[in-house]
Amino acid sequence: MMKFCPSCGEDVETYTIDRMGVKELLCIHCGMILEDLAHKEVAPAELVIAADDSPMIVELLKDILMKESLANKVIGCHNGVDFLSTFTGLLKEEDPVSLVVLDVAMPLLNGINAAIAMRAVEKGLKIRPVPILFFTVLKCDENFQKVLAYCKPAEYINKGGSSSPDQLASRIKQVAIKLLHESQNPG
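Per numbering that gives the first Met the number 0, numbering through the sequence shown is continuous, rising by one, with the last residue being 186.
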């Protein structure tokens, strides 16, 4: 069965699993549960950090998250080192981060290594993991699926999979709602 995956940005093959009597349809590439998220209510994230080496993409992410009422405040970073510094500084100030958007290919420290370092900081401080939305031009392969599993809660968006900014905004909204809903309604 083919279905549109907001993470992959294309029609994908799917498979079904049964979780305690509830059938879920998943993307065969990234493993995202493909469900209608329009009915899910989420409170806006208090604080989001968006890290991408392109200032234009950082501004696009800020605009989308704010216009879609998915965030009350978005802080932009331009590489993984800047992100980690900002993230740990906010933890020090006891200013909780609700969501992180990380470009995978950034200079100095890429998004995958930044996410792994972030998870180590969270584990060391015994705090709940902040949801991560990886933002990349790469398709989700077996290695990236391992990254998503290690860094969970985490999802990804193939930013090369959209033909227009409006389509990209819609996909970001869908995946961000999924992450925020899971974060706000654990279990």
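The beta carbon of each residue, even a glycine, is placed where N, CA and C say it ideally should be.
Quiz prompt | Selection from 1, 112, 9 and 90 that minimises the alpha carbon distance to residue 167 | solution = 9
Self-check item: Helix, strand or coil at residue 8 [DSSP, three-state]
Solution: coil
Self-check item: From 169, 137 and 165, residue whose alpha carbon lies closest to that of residue 155
Solution: 137
Quiz item: Comparing alpha-carbon positions, which option in 28, 41 and 24 lies nearest residue 34?
Solution: 24
Quiz item: Mapping DSSP to helix, strand and coil, what is residue 181?
Solution: helix
Exercise. Kindly identify the DSSP beta-bridge partner or partners of residue 18.
Key: 21
Quiz item: So, residue 172 versus residue 69, is the Cβ gap smaller than 8 Å?
Solution: yes
Self-check item: Residue ranges of each beta strand (DSSP E) within the stretch 94-129, 3 or longer
Solution: 98-102
Quiz item: Which class does residue 57 belong to by DSSP, given the choice of helix, strand or coil?
Solution: helix
Quiz prompt | Status (buried if at least 16 other CB within 10 Å, exposed otherwise) for residue 62 | solution = exposed
Quiz item: What first and last residue would you give for the alpha helix (DSSP H) that runs through residue 146?
Solution: 141-149
Exercise. Would you kindly check if the distance between the Cβ of residue 113 and the Cβ of residue 83 is under 8 Å?
Key: yes
Practice problem: Taking 8 Å as the cut-off, decide whether the C-beta atoms of residue 169 and residue 129 are in contact. | Solution: no
Self-check item: Minimum C-alpha distance to residue 123 - residue among 81, 40, 152 and 90
Solution: 90
Quiz item: Of all the options 184, 158 and 41, which has the alpha carbon lying nearest to the alpha carbon of residue 5?
Solution: 158
Quiz prompt | Contact check, residue 51 vs residue 64, beta carbons under 8 Å | solution = no
Quiz item: Exposed or buried, what is residue 15 when buried is set at 16 or more other beta-carbons lying within 10 Å of its beta-carbon?
Solution: exposed
Practice problem: Identify which residue in 32, 95 and 49 has its Cα closest to the Cα of residue 17. | Solution: 32
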